[in-house]
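Colleague: The numbering used here numbers the first residue of the sequence shown as 100 and each following residue consecutively.
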Amino acid sequence: MASLCFATGFLVSGCGDGNGSKSAEKFTLPAPGTVIDSAGMKIKDPLNDFVFTVTLLADSLVKDGVYDVRAAYGYDVAEGRFTMPKGLERYRLAIRKSDTPYTYVIGFLTPKDTTFYEYFEVRGKKNAIGMQYLKAYTFE
């Protein structure tokens, strides 16, 4: 029973509401396949009990700053990939809820700074899930 409680607590702590509450202190490069962050929200639908979820994972090329994104809007599922700008491969990533309905923004936090830098957007709507870069950054 104790192991069941521990596993449940781990799963709950690994999910978020997309408010990006993680800080940017020391960052260790994650292993490929590791869930970096996730967020979800209930979809307002009078007939169905659906959710919109976004999961950010380390890709097999994570050492080069490549990350995978999985999104689900009800039964629709989409996968995408993005690459961090050169020089930002080791910055902490987070997901935050956007002001736009059914939209999450993936961004990064720099050490000793609380600013959330928007980078990649994931949006869901009936019959479509979209992903796109929002901004370009250069650090040299």
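Quick reminder that beta carbons are idealized off the backbone N, C-alpha and C, glycines included.
Helix, strand or coil for Lys225, going by three-state DSSP, please let me know.
Modeller: Correct three-state label for Lys225: coil.
Colleague: With a 10 Å radius around its C-beta and 16 neighbouring C-beta atoms as the bar for buried, classify Ala193 as buried or exposed.
Modeller: Classification of Ala193: buried, given that the 10 Å Cβ count is 16 or more.
Colleague: For a test of the three-state rule: what should DSSP assign to Lys162, helix, strand or coil?
Modeller: The answer is helix: DSSP assigns Lys162 an H, G or I state.
Colleague: Out of Thr202, Thr127 and Asp175, point me to the one whose CA is closest to Phe149's CA.
Modeller: If we check each option's Cα against that of Phe149, Asp175 comes out closest.
Colleague: Output the boundary residues of the beta strand (DSSP E) element that contains Lys196.
Modeller: It spans Arg191 to Lys196 - the beta strand (DSSP E) in which Lys196 sits, taken as one unbroken run.
Colleague: Report the residue from Lys211, Glu178, Val161 and Asp212 whose alpha carbon sits nearest the alpha carbon of Glu220.
Modeller: Out of Lys211, Glu178, Val161 and Asp212, Glu178 has the C-alpha closest to the C-alpha of Glu220.
Colleague: For Phe151, which residues of its own chain have a beta-carbon under 6 Å away from its beta-carbon, when the five flanking residues on both sides are left out?
Modeller: The answer, listed in chain order, is Met140, Ile142, Tyr172, Tyr201 and Gly223.
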